[in-house]
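Just below is one structure, and these are the notes that go with it.
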DNA sequence: CACTTGGATTGACAAATGTCGATACAGGCG
DNA sequence: CGCCTGTATCGACATTTGTCAATCCAAGTG
């Protein structure tokens with residue numbers, strides 16, 4: 017009748033991360049960072065891959081950082097982005113067989 | 017400079033699914049269906065778990081169905097929802113170590 | 001200090017989203 | 001057929017989101 021208590025907290029966390037990835041550009045961004053040496057990429061490298069204004073890209077990156085999917089580090093003139101693996105792990109766990117959203121009798125047995 | 021070609025399609029698909037899960041209520045909904053016997057639940061059961069108007073719940077379920085996360089089947093008077101495991105698998109694969117968003121040298125070695 | 005460059009922030013605006021009450025529709029049942 | 005019950009859809013509204021141009025700030029260079 018009332019909204020679920022304990023699980024709602026996890027659902028909120030998961031939803032926040034899912035939401036951050038709920039845009040093709042942001043999925044691409046995370047994928048690009050992941051494919052970069054050391055899972056770290058600077059803004060300038062990312063900007064080369066997208067045909068869009070610099071401000072838009074910065075905006076999407078900010079959303080990913082705010083959600084905890086990426087972290088930003090300013091090194092001299094350039095901004096470097098890297099993946100927060102804990103966040104990805106959280107989502108992977110949610111979707112894994114036996115996790116909150118996936119029955120244990122999944123693909124793998 | 018131009019937007020990535022091949023991967024963009026996958027990113028769009030993934031983003032569509034992520035977006036559908038980008039709300040705590042919808043995460044809860046999928047979790048509830050998952051925990052139900054046979055991964056199938058009727059609207060009435062789900063409605064008991066949430067303190068919100070029936071129309072809102074129906075709206076969220078529609079979003080999940082439209083995105084392909086759930087499927088709806090009308091059986092007599094009641095609507096039954098079940099998880100589309102292919103969709104969950106798609107996202108799990110995206111987040112898995114070695115997947116598009118996760119470095120291979122992840123948690124598991 | 002003046003200038004340039006990388007990148008973040010702001011402002012404006014259209015479009016999408018979440019929420020709710022009201023209404024419509026579909027399937028039993030009298 | 002008329003009525004109830006379960007669920008979907010509609011209409012209105014406030015909030016959020018994505019996009020772009022413009023501006024601002026920080027760091028390096030002359």
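Residue numbers (my numbering), protein chains in the order written: chain A, 17 to 125; chain B, 17 to 125. In this text, a Cβ means the ideal position worked out from N, Cα and C, and glycines have one as well. Keep in mind it's a predicted model, so treat the numbers as computed, not measured.
Output yes if chain B places a C-beta closer than 8 Å to the C-beta of residue 108 of chain A; else output no.
yes
Going by C-alpha distance, which of B/99, B/37, B/93 and B/52 is nearest residue 76 of chain B?
B/37
Among the residues of its own chain, which have a CB less than 7 Å from the CB of residue 81 of chain B, if the five just before and after it don't count?
87 and 88
Taking the C-alpha atoms as reference points, what is the distance between residue 19 of chain A and residue 78 of chain B?
With a pLDDT of 42 at residue 19 of chain A, under the threshold of 50, the predicted position of this residue should be treated as unreliable, though the coordinate-derived value follows. Taken atom to atom, the span from the alpha-carbon of residue 19 of chain A to that of residue 78 of chain B is near 20 Å.
Spatially closest choice to residue 31 of chain B from A/46, A/52 and A/64, by CA coordinates
A/46
Look at the alpha carbon of residue 96 of chain B and the alpha carbon of residue 55 of chain A, and state the distance between them as a whole number of angstroms.
Each residue's CA atom was taken as its position, placing residue 96 of chain B and residue 55 of chain A some 43 Å apart.
The region 43-66 of chain A: which residues have C-beta closer than 7 Å to a C-beta of chain B, in chain order?
43, 44, 46, 47, 50, 55, 64, 65 and 66
Going by alpha carbons, who is nearest to residue 92 of chain B out of B/40, B/99, B/58 and B/120?
B/58
First and last residue of the beta strand (DSSP E) that includes residue 112 of chain B?
The continuous stretches of beta strand (DSSP E) do not include residue 112 of chain B, and DSSP gives it neither H nor E.
Just checking my contact of residue 85 of chain A with residue 100 of chain A at CB under 8 Å: how many whole Å lie between their CB atoms?
6 Å
Output needed in chain order: residues of the region 78-99 of chain B with a Cβ under 8 Å from some Cβ in chain A.
99
On the DSSP letters alone, give me the boundaries of the beta strand (DSSP E) that residue 95 of chain A sits inside.
94-99
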